[in-house]
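In this note's numbering, the protein residues as written are 45 to 297.
Where is the CB? At the ideal position from N, CA and C, for every residue including glycine.
This one's a predicted model, so the numbers in the text were calculated from it and none came from an experiment.
Put into structure tokens, the structure is as follows:
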């Protein structure tokens, strides 16, 4: 059974006039309701952190209006599991702290984690993740973008379900078939330094997506990427590529 909704933190019941109260400040995140007994009871329960439990159509309508305005939240499922951090030149200690704060177990040696996170300031040698794809091990990649000094968060790969890193390569090689060869050469060469603010942003994004994934939600980088190398993040979603080996097990014989 899903958890009952709660009033979003920071949302309060304030007096609008003698006959009405208001939640939220401006539309669309605003609800104005009459000061009636059933409405007051529902709002008192929500303010106390209790399920609204409406008993009349009027009370149920208030709950619907609050939900439509985004003023209610459903408590999120807590993440569970272990994350193995694999650093290839980026400091992953801050990421570990964020993951542990969320209740996850962080390891650098667990052979069977629920999620791998690998991070590098430059291109990642694809052989690093090939084994995880073969084992069916979920993993999240943080690596340099094609613009030196940038970072790409993703893809978060569920082998057999999402695009893998080589799927992304195949899509990006559509207009330059030699691109994967160049990426592998660059992966063996020194990477550009990455600004600490970019690292911090990538760390926070990776932490959020890892937590969402291990809580059973679908994060932005699930079969997707977020490039942090310009004025604003660039989000892309990738399909599995028909020519990538990660899908060969799905080919009928």
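Counted within 10 angstroms of its Cβ, other Cβ atoms place residue i as buried (16 or more) or exposed
i	result
residue 72	exposed
residue 297	With a pLDDT of 44 at residue 297, under the threshold of 50, the modelled position of this residue cannot be trusted, and the question is left open.
residue 151	exposed
residue 286	exposed
residue 261	exposed
residue 231	buried
residue 175	exposed
residue 276	exposed
residue 295	Its pLDDT being 48, under 50, residue 295 is placed unreliably by the model, and the measurement read from it follows with that caveat. Classification for residue 295: exposed.
residue 119	exposed
residue 127	buried
residue 95	exposed
residue 63	exposed
8 Å Cβ cutoff met for residue i and residue j
i	j	result
residue 139	residue 129	yes
residue 290	residue 165	no
residue 263	residue 256	yes
residue 68	residue 112	no
residue 131	residue 207	no
residue 246	residue 279	no
residue 189	residue 271	yes
residue 103	residue 83	yes
residue 258	residue 154	no
residue 269	residue 282	yes
residue 55	residue 65	no
residue 170	residue 210	yes
residue 110	residue 50	no
Closest Cα partner of residue i within the set the options
i	options	result
residue 147	158, 122, 165 and 55	122
residue 105	78, 124, 213 and 126	78
residue 213	203, 204 and 199	199
residue 186	114, 201 and 178	201
residue 135	229, 84, 161 and 113	161
residue 61	55, 70 and 76	76
residue 85	188, 107 and 74	107
residue 192	237, 154 and 81	237
residue 234	149, 167 and 48	167
residue 195	92, 133 and 137	133
residue 149	80, 97 and 124	124
residue 284	80, 145, 215 and 97	215
residue 249	163, 220, 87 and 173	163
residue 100	92, 177 and 81	81
residue 70	115, 93, 92 and 53	115
Delimiting residues of the beta strand (DSSP E) encompassing residue i
i	result
residue 60	57-61
residue 80	No beta strand (DSSP E) contains residue 80, which DSSP labels as neither H nor E.
residue 206	From DSSP, residue 206 is part of no beta strand (DSSP E); its letter is neither H nor E.
residue 138	It is not in any beta strand (DSSP E) - residue 138 instead sits in the alpha helix (DSSP H) that spans 137-145.
residue 158	That residue, residue 158, is in no beta strand (DSSP E); it is neither H nor E in DSSP.
residue 70	Element bounds for residue 70: n/a, residue is neither H nor E.
residue 183	183-188
residue 126	126-131
residue 195	195-201
residue 168	Run containing residue 168: none; DSSP gives neither H nor E here.
residue 220	Here residue 220 belongs to no beta strand (DSSP E), and DSSP marks it neither H nor E.
residue 272	268-272
residue 149	149-151
Unbroken alpha helix (DSSP H) run spanning residue i, endpoints
i	result
residue 104	101-112
residue 284	No alpha helix (DSSP H) contains residue 284, which DSSP labels as neither H nor E.
residue 232	Per DSSP, residue 232 belongs to no alpha helix (DSSP H) and is neither H nor E.
residue 256	240-258
residue 178	171-179
Practice task
Taking 8 Å as the threshold, find out whether the stretch 174-185 comes into contact with the stretch 219-226 through three or more Cβ pairs.
Solution key: Result no; under three Cβ-Cβ pairs closer than 8 Å.
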